[in-house]
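Report on the structure given below.
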Amino acid sequence: MPKITINGKEIEFEKGMTVLQACELADVEIPRFCYHEKLSIAGNCRMCLVELEKSPKPIASCAMPAAEGMNIKTNTTFVEKARKGVMEFLLANHPLDCPVCDQGGECDLQDQSLYYGVDKSRFVENKRDVKEKYMGPLIKTQMTRCIHCTRCVRFATEVAGVPEIGAIGRGENMEITTYLEKSMESELSANVIDLCPVGALTSKPYAFEARPWELKKTESVDVMDAVGSNIRVDTYNWEVKRILPRLNNEINEEWISDKTRYSCDGLLKQRLDVPYIKKNNKLQKSTWDEAINLLVDKIQSVQPNEIAGHIGDMINMENALSFKKFFKTLKSENLEFREKNFYINPDEKMNYIFNSSIAGIEDTDLILLVGTNPRHEASILNARIRKTFVQKKIPIFSIGNPGDLTYEYEIIGDSTEDIKKIVNKEHDFSQKLLSAKKPIIIIGESALELKSGGYIFEEFKRFLIKNNLINENWNGLNTLVQNASTVGLLDLKILQDKKEKSSSFFDDLKNRKFKLLYLLGSDNLEFQKNDEFIVYQGSHGDRGAEIADLILPSATYTEQNGLYENLEGRIQECKKASYPIGEALEDWKIFNQIIKKLGSKDYKVNFDELRKEVLETAPNFSSINELPKKSVIKTNNIETSFFSEKIFVRELDYYYTNSISRSSKTMSECRQIRQKIKKDGTNN
Amino acid sequence: MSVKKVYDKQPKEFKFSDENLKKVEEILKRYPKKNKKSAVMPLLYLAQRQNDNWIPLAAMKYIANYLAMPYISVYEVATFYTMYNLAPVGKHFIQVCTTTPCLLRGADKIVKLCKENISPNENEISKKGNCSWMEVECLGACVSAPMVQINDDYYEDLDEKSTKEILISLIKDKPLKPGSYRGRKNTSPEKISIINGEKHA
């Protein structure tokens, strides 16, 4: 490996690194504004100047490729003077409004001017004035603070794939703006706030809410979709003030979606704080004792097989396990967690997870989307597909039309007939799929919901196995589930333990076989309410609570510890950042109370036992935060029936998918703007 | 120079004329097919020519769609270069060079005359509606400073008297001839002195 000398220390570096990266290897800190690991190199802030021996001028280390034998110095007076000069220019037009700036306390410019800047300004002229720009309901702008690093421009163009931000004018008059000041149409738009090294782009909902040093920071996991993005929850007293991404190159890199980031104001609204009982067709406040007594009476008045439970989209594994145990004591088997009756084969873990892994998308050479819109169903995963597309120009195909995905793809069919042709090698596409070394097939819930959902999944699986595309090194069969709880619940064998029965939960529900329906945080189940007694246990007064006869308040994902399994089958820990509101309790505690009232002696769990059991139950579990162990199946004997159907990609109301986002003011503003754009057609 | 403002009364539609479409094809041939967005500058210029010397937003959108570029990229280019006008200009568009050599030779007087005779502010159409003026950076004719560019022509070696004559002729819609107003041919030397027997300009 080539060698480079940095401050007299010789280190080895990899070919293709820049001087700045080599300096980082040598543990030498280089100040920078425009350089960012995940974006292209711009080299326009000049903050990273270093001295190169035999070069008369300082060099911009972020843009200079490191070469054998370079002698770099970063601690000389020459470098110090260069940095001071650059800093003085950057601050020439930067307002001194740190006391009223939301970035204060976590501002790169503030920190770096302290370490590398001059203590006073020689600039006596008027500072330039730039009008504020409108960038949508999420991004607050104060463009006088902008230092033109263009990180936001590069993010929008490269990562988000919506080239809508740009720099207009030139020289002193350069301004960063969106085209004609429209809001940015991306699910990842708010990441520019984190990228902005100064306070030019700050968070609109969080404006003037708190200072970073006042906040308690809890490292947690997101539950808005099944990706399981790593987040940091910042709380001030009880309130969740904001949610920020945490670096995890395996999953979300440095980005999170807007829904993950801004649903948090929904945690403060529409909350259920005390139990409610429906009396005279009106929900009235009640007490835990009264509520549980009523529930126990109801349970005892119906047959066990007339009790059914539905588990919602954001329930953690411990709570789900205790729910399952609770149903066991009730002797009922009618448990379900799917919102629509999509095909899933829970026998093997491989059948319901994203086997290629999110980071593995970067190794692929062909992607086939089957009835899925990853942009809305898993925005972060879509960003990874786009990254691979931009870097390697891989071909992407789709069956069904998902709309704009921020990258180019080819629609090769829209019906199950096309899939039949592909797996029978009668389609032009079959050859392409077979010639690919590491193809990825992503099957979405829209396809699995069809009558031939089973056919689609099992035949693709058979096809991949037959052609040795599922082996020890590569597994191209992927299911893209939409809810954070789905994979975890499948692991807990919520579906498997049911005895063979002729009718499914959905049929029974439709045929009004249930007398008591227990909704555990479940708001998206579509059915016609009849004379069932509905218990809703959850955190928000949303769709589930609307139809409930009895409401038991419980905690949200930021208010309790819990494990979630993301779509890759990676078990991650969501940590308690705040406390349940009012009299709300964690779900498992509520079940304990009910069971106690029911008079069952043998059953009382605590949380640690639940967690232990969850980890023991989960198949192929390796360790927390890691991918599950690989299992390779060599045969597929499952026979399914084929129906000729059209494959539609179900449109997801992106900003309104769960009870938290539906309660969030920010999300409904985003939704309104998105709908307006759709209606007016003023789309790029 | 300040950041250029987009005109508030924008036409709804823009399309290249048939004649210009032929030119566009000619222009596109100059660039590799995969890099056809390189043609954005000549196309913007063509649009400006077609649309009375200014570029409406509709034209930017049209060109962006034509070259499969994001709107913002075309917008960036159009706002970056000073020679693209984003608002209507007069039929006689006077660009006064005020960079150092011209300014030393009295460009400020020309600016003053423009303010008096055409409009008090830059980029404002005169009362009669046929002229507008603006200050620009070096037009590369320092040798015959001070000078102005009126539409496509250079008027050089100006002084207050000749400038006023030119401006009045423009207002009357009968423009005078371009070129030197001190009788120079091209940029030929005026006085020839003999130093040590050699001719010097």
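These protein sequence lines map, in sequence, to chains A and U. If you read the first sequence in the numbering used here, its first letter stands for residue 1236, the second for the next number, and so on. If you read the second sequence in the numbering used here, its first letter stands for residue 249, the second for the next number, and so on. All C-beta atoms, glycine included, are put in the ideal place defined by N, C-alpha and C.
Inset, instruction - Between the Cα of T1791/A and those of A1812/A, S1356/A and T1311/A, spot the shortest distance and give me the residue it belongs to. - result: In the first sequence, counting from the first residue as 1, residue 1791/A sits at position 556. For the residues A1812/A, S1356/A and T1311/A, the minimum Cα distance to T1791/A belongs to A1812/A.
Legend entry - Between the CA atoms of R1619/A and E1249/A - distance to the nearest angstrom: Here residue 1249/A refers to the residue found at position 14 of the first sequence. Here residue 1619/A refers to the residue found at position 384 of the first sequence. One alpha carbon belongs to E1249/A, the other to R1619/A, and they sit about 24 angstroms apart.
Legend entry - Pairwise C-alpha distance: H1611/A and E1886/A: The residue you call residue 1886/A lines up with position 651 of the first sequence. The residue you call residue 1611/A lines up with position 376 of the first sequence. When rounded, the distance between both Cα atoms is 8 angstroms.
Legend entry - V1263/A - partner residues in DSSP beta bridges: As a first step, residue 1263/A must be located in the first sequence, where it is residue number 28. Paired residues: none, contrary to the question.
Inset, instruction - Taking the CB atoms as reference points, tell me whether G1501/A and S1789/A lie closer together than 8 angstroms. - result: Mapped onto the first sequence, residue 1501/A falls at position 266. Mapped onto the first sequence, residue 1789/A falls at position 554. Not a contact, by the Cβ cut-off of 8 angstroms.
Inset, instruction - Go to S1455/A, then tell me how far its beta strand (DSSP E) extends in each direction, as first and last residue. - result: Against the first sequence, residue 1455/A aligns to sequence position 220. In the DSSP assignment, S1455/A falls within the unbroken beta strand (DSSP E) covering K1451 to V1456.
Legend entry - D1493/A beta carbon less than 8 angstroms from that of C1905/A: On the first sequence, position 670 is the one that residue 1905/A refers to. On the first sequence, position 258 is the one that residue 1493/A refers to. Taking 8 angstroms as the cut-off, the beta carbon of C1905/A is found closer than this to the beta carbon of D1493/A.
Inset, instruction - Kindly confirm or deny that the segment 1867-1880 of chain A and the segment 1644-1664 of chain A touch, where touching means at least three C-beta pairs closer than 8 angstroms. - result: Counting Cβ pairs under 8 angstroms, three or more are found: they touch.
Inset, instruction - Starting from the beta carbon of S321/U, find every residue of chain A whose beta carbon is closer than 8 angstroms, and list them in chain order. - result: Taking the first residue of the second sequence as position 1, residue 321/U is located at position 73. Within chain A, the residues near S321/U are P1398 and G1401.
Inset, instruction - Closer than 8 angstroms by C-beta to I373/U: which residues in its own chain qualify, once you throw out the five before and the five after it? Chain order, please. - result: Numbered from 1 along the second sequence, position 125 holds the residue referred to as residue 373/U. Once the five neighbours on either side are set aside, the close Cβ partners of I373/U are P336, V337, G338, S367, C379 and S380.
Inset, instruction - Could you tell me whether any Cβ in chain A is nearer than 8 angstroms to the Cβ of P454/U? - result: Here chain U comprises residues numbered 249 to 449, so residue 454/U is not present and cannot be evaluated.
Legend entry - Beta-carbon proximity list for N1919/A, same chain, < 6 angstroms, skipping 5 on both sides: In the first sequence, counting from the first residue as 1, residue 1919/A sits at position 684. Because N1919/A carries a pLDDT of 40, less than 50, the predicted location of this residue cannot be relied on, and the following value inherits that uncertainty. Hits under 6 angstroms: none found.
Legend entry - S1858/A to D1364/A span [Cα, whole Å]: Taking the first residue of the first sequence as position 1, residue 1858/A is located at position 623. Taking the first residue of the first sequence as position 1, residue 1364/A is located at position 129. Take the alpha-carbon of S1858/A and the one of D1364/A: they are about 54 angstroms apart.
Legend entry - N1310/A versus L1287/A: straight-line alpha-carbon distance, rounded: The count along the first sequence starts at 1 and reaches residue 1310/A at position 75. The count along the first sequence starts at 1 and reaches residue 1287/A at position 52. The alpha-carbon atoms of N1310/A and L1287/A are separated by roughly 12 angstroms.
Inset, instruction - Using alpha carbons as the reference points, say which of D1346/A, V1388/A, R1380/A and N1328/A lies closest to V1359/A. - result: Residue mapping note: residue 1359/A aligns to position 124 of the first sequence, counting from 1. Out of D1346/A, V1388/A, R1380/A and N1328/A, N1328/A has the C-alpha closest to the C-alpha of V1359/A.
Inset, instruction - Could you check how far apart the C-beta atoms of S1921/A and I1895/A are, in whole angstroms? I think they sit under 8 angstroms. - result: With chain A represented from 1236 up to 1919, any question about residue 1921/A goes unanswered, as that position is not in the structure.
Legend entry - Bounding residues of the beta strand (DSSP E) (the contiguous stretch that carries K257/U): Your numbering for residue 257/U matches position 9 in the second sequence. Here K257/U belongs to no beta strand (DSSP E), and DSSP marks it neither H nor E.
Inset, instruction - Go ahead and label F1577/A buried or exposed: buried means 16 or more other beta carbons lie within 10 angstroms of its beta carbon, across all protein chains shown. - result: Locating residue 1577/A in the first sequence gives position 342, counting from the first residue. The residue in question, F1577/A, is buried, as its Cβ has 16 or more Cβ neighbours within 10 Å.
Inset, instruction - Use the C-beta contact count for T1470/A: other C-beta atoms within 10 angstroms, 16 or more gives buried, fewer gives exposed. - result: Here residue 1470/A corresponds to residue number 235 of the first sequence, with the count starting at 1. With 16 or more Cβ atoms within 10 Å of its Cβ, T1470/A is classed as buried.
Legend entry - Min CB distance F328/U to chain A below 8 angstroms: If you number the second sequence from 1, residue 328/U lands on position 80. Against chain A, the CB of F328/U has a partner CB under 8 angstroms away; the residue lies at that interface.
Inset, instruction - For C1381/A, count neighbouring Cβ atoms within 10 angstroms of its own Cβ and tell me buried if that reaches 16, exposed if not. - result: Start at 1 with the first residue of the first sequence, and residue 1381/A comes out as number 146. Buried, because 16 or more other Cβ atoms sit within 10 Å of the Cβ of C1381/A.
Inset, instruction - Specify whether the segment 292-309 of chain U and the segment 323-335 of chain U touch according to this definition: at least 3 beta carbon pairs, one from each stretch, less than 8 angstroms apart. - result: Output reads yes: the segment 323-335 of chain U touches the segment 292-309 of chain U.
Inset, instruction - Compile a chain-ordered list of the residues in the segment 292-307 of chain U whose CB is closer than 7 angstroms to at least one CB of chain B. - result: Included in the structure are the protein chains A and U, with no chain B among them.
Legend entry - Closer than 8 angstroms to chain U by CB, G1404/A: Here residue 1404/A corresponds to residue number 169 of the first sequence, with the count starting at 1. So yes, G1404/A belongs to the interface.
Inset, instruction - Starting from K1864/A, follow the beta strand (DSSP E) in both directions and report where the run begins and ends. - result: As a working mapping, residue 1864/A is identified with position 629 in the first sequence. Taken as a continuous stretch (DSSP letters only), K1864/A belongs to no beta strand (DSSP E), as it is neither H nor E.
Inset, instruction - Kindly list the residues whose CB is nearer than 8 angstroms to the CB of T1385/A, restricted to its own chain and excluding five residues on each side of it in sequence; keep chain order. - result: Here residue 1385/A refers to the residue found at position 150 when the first sequence is read from its first residue. These residues qualify, in order along the chain: C1269, A1277, N1279, A1402 and I1411.
Legend entry - Burial state of L415/U, where buried means 16 or more other Cβ atoms lie within 10 Å: Start at 1 with the first residue of the second sequence, and residue 415/U comes out as number 167. With 16 or more Cβ atoms within 10 Å of its Cβ, L415/U is classed as buried.
Inset, instruction - Using three-state DSSP, classify R430/U as helix, strand or coil. - result: To locate residue 430/U, count along the second sequence from 1; it is residue 182. If DSSP states are grouped into helix, strand and coil, R430/U belongs with coil.
Legend entry - Y1642/A: contacting residues in chain U (beta-carbon distance under 9 angstroms): For this step, residue 1642/A is matched to residue 407 along the first sequence. Correct list: empty, because the minimum Cβ distance to chain U is about 14 angstroms.
Legend entry - Contact between the segment 1581-1599 of chain A and the segment 1748-1762 of chain A (3+ Cβ pairs under 8 angstroms): With a cut-off of 8 angstroms, the segment 1748-1762 of chain A and the segment 1581-1599 of chain A do not count as touching, because too few Cβ pairs lie within range.
Inset, instruction - Answer yes or no: do E1399/A and I320/U have a C-beta to C-beta separation smaller than 8 angstroms? - result: In the first sequence, residue 1399/A corresponds to position 164, counting from 1. In the second sequence, residue 320/U corresponds to position 72, counting from 1. Yes, Cβ-Cβ distance for E1399/A and I320/U is below 8 angstroms.
Legend entry - Neighbour list for Y1414/A in chain U, Cβ cutoff strictly below 8 angstroms: For the purposes of this step, residue 1414/A is identified with residue 179 of the first sequence, where counting begins at 1. Close to Y1414/A, with beta-carbon spacing below 8 angstroms, are these residues of chain U in chain order: P318, Y319, I320 and Y323.
Legend entry - A1613/A and D1457/A closer than 8 angstroms at C-beta: For this step, residue 1613/A is matched to residue 378 along the first sequence. For this step, residue 1457/A is matched to residue 222 along the first sequence. The beta carbons of A1613/A and D1457/A sit no closer together than 8 angstroms.
Legend entry - CB-CB length for L305/U against K271/U, believed under 8 angstroms: Numbered from 1 along the second sequence, position 57 holds the residue referred to as residue 305/U. Numbered from 1 along the second sequence, position 23 holds the residue referred to as residue 271/U. Taking the Cβ atoms as the reference, L305/U lies roughly 22 angstroms from K271/U, outside the contact range of under 8 angstroms.
Inset, instruction - Can you grab the Cα-Cα spacing for the pair S436/U / K360/U, in whole Å? - result: Position 188 of the second sequence holds residue 436/U. Position 112 of the second sequence holds residue 360/U. A direct Cα-to-Cα measurement between S436/U and K360/U gives close to 29 angstroms.
Legend entry - Burial state of Y1350/A, where buried means 16 or more other Cβ atoms lie within 10 Å: On the first sequence, position 115 is the one that residue 1350/A refers to. Label assigned to Y1350/A: exposed.
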